[in-house]
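Enquirer: Let me give you the structure first, and then I'll get to my questions.
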Amino acid sequence: MKRLEYTVQFVTPAFLGNAFQQGQWRTPPFKALLRQWWRVVKARECDYDHSRLREAEGCLFGHAWLKDQSGKQWAMQSRIRLRLAEWRGGRMQQWQNDPPVFHKEVGISGRKIGSHLYLGYGPLTFKRHKGTGLKQTPAIDANEAIGFNLGVTAQDESDLQRTLQFIHWFGTLGGRSRNGWGSVSLESLNQQNGFNLAPTDSILSGKAIQELLKFSRPLADCLQLDWPHAIGTSNERLLLWKSRFHFDSWSQAMQELARIKIAFRTKLDAPVGKAGDRHILAYPVTNHKVNGWLENGRDTNRLANQLRFKVVQDKNNKYWCLAFHLPCGLPEMLQEKLGPNKISTDDQLRVWNKVHGILDKEMKRIQGTQEGRP
């Protein structure tokens, strides 16, 4: 078994709660992150068949299924050994400044709100006379780092190296991580053993685009499945954007992501009582419930964000915002609850194309280059 050694660091604060909702370095979330990006790496090889992918995943990560396809008892230990140097608590006890962003739908004619609170509501809360604060202390602060070791077999090494590369480029962990919180950075400590992570600059410059295209799929095809399995493409271009400018701090980068998210969400209708365009992005939507998705008057159904954010640092330690789309269709369970008012795939495609058009204006689409030169 080969041992891959890394330092893992958070670029933005992470809300990685334990059983008491206190921020703590723990291995289960990292194993879940490995699974998430391993699926993207392996999905095409399994012809995007969730049954084949699930079986391959169980064989690699271990499972406790009672029966196999022939009805026999079947369980398997993981072929991966994952270890953090220690399970320690986070070091952030108090939230600092929350830079404002304008939201036109707040109040009568719009007003400024906390950008961090907007992207992190839940782990973050508003405290009277104090402003934005942590709902539960501690959290894991930006720049906290720890040793991360992965034991892999020779047969799995190639797939897991690709998976770790994707995590370095796109991985986020913890509460509200799809909004950019808990942005992960990896640094290899055993480059001499044959594997060196490509830097985030290779994404920002476009040098990595050809590699990413191997794990991409056209948007319309992605919407035929209800689980994230590839980075989407539109007109043969990846659905991948970076901010138009770099920033001096993670706080400023998160402020920019809040501005961008408000920009595309407020351009979509969200009628009260029935499903509208904005409900396709994620659900629930504050003050815009869908009657068919209520259970005894409560919002118990969930639709996770497909359009994800991350904050990365370049070689000069400047911060950049990334946005990328892992598209999938609206789950059939939610569709059935809409009755005759189901949202067609064409409507989903229309909404996402509109969102992508807004991102093309607010950010910069990352495109391929020759030898990494724009």
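Counted the way my numbering counts, the sequence shown spans residues 366 to 739.
The beta-carbon is built from N, C-alpha and C at its ideal position, and this holds for glycine as well.
By a C-beta neighbour count over all protein chains shown, 10 Å radius and 16 as the cutoff for buried, is residue 505 buried or exposed?
Expert: buried
Enquirer: So for residue 707, helix, strand or coil by DSSP?
Expert: coil
Enquirer: Would a C-beta distance cut-off of 7 Å place residue 540 and residue 549 closer than the cut-off?
Expert: no
Enquirer: Can you tell me the Cα-Cα spacing of residue 560 and residue 727, whole angstroms?
Expert: 36 Å
Enquirer: Check each candidate in 405, 412, 400 and 409 and name the one with the smallest Cα separation from residue 423.
Expert: 400
Enquirer: Can you name, in chain order, every residue of its own chain whose Cβ lies under 6 Å from the Cβ of residue 713, other than the five neighbours on each side?
Expert: 588 and 645
Enquirer: By DSSP, does residue 465 sit in helix, in strand, or in coil?
Expert: The three-state secondary structure of residue 465, taken from DSSP, is strand.
Enquirer: In chain order, what residues of the same chain lie with their CB nearer than 8 Å to the CB of residue 591, ignoring the 5 residues before and after it?
Expert: 693, 694, 695, 696 and 697
Enquirer: Spatial neighbours of residue 699 within its chain, please: CB distance less than 7 Å, with the 5 preceding and 5 following residues excluded, ordered by chain position.
Expert: 658, 666 and 668
Enquirer: Tell me which residue opens and which closes the beta strand (DSSP E) that residue 449 is part of.
Expert: 446-449
Enquirer: Within 10 Å of its beta-carbon, does residue 593 have 16 or more other beta-carbons around it, so buried, or fewer, so exposed?
Expert: buried
Enquirer: Report the partner residues of residue 511 according to the DSSP bridge assignment.
Expert: Answer by DSSP bridge pairing, in chain order: 373.
Enquirer: Kindly identify the DSSP beta-bridge partner or partners of residue 651.
Expert: Answer is none; residue 651 lacks a bridge partner.
Enquirer: What alpha helix (DSSP H) runs, 4 residues minimum, are completely inside the stretch 485-554?
Expert: 522-535
Enquirer: Under 8 Å: do the stretch 579-588 and the stretch 631-643 share three or more Cβ pairs, one atom per stretch?
Expert: Taking 8 Å as the limit for Cβ pairs, the verdict is that the stretch 631-643 does not touch the stretch 579-588.
Enquirer: Which residues bound the alpha helix (DSSP H) around residue 405?
Expert: 392-407
Enquirer: Excluding sequence positions up to five away, which residues of its chain have a Cβ less than 8 Å from the Cβ of residue 654?
Expert: 637, 638 and 664
Enquirer: Near residue 376, what residues of its chain come up, given a Cβ to Cβ distance below 7 Å and the 5 sequence neighbours on each side ignored?
Expert: 507, 548, 550, 615, 676, 677 and 678
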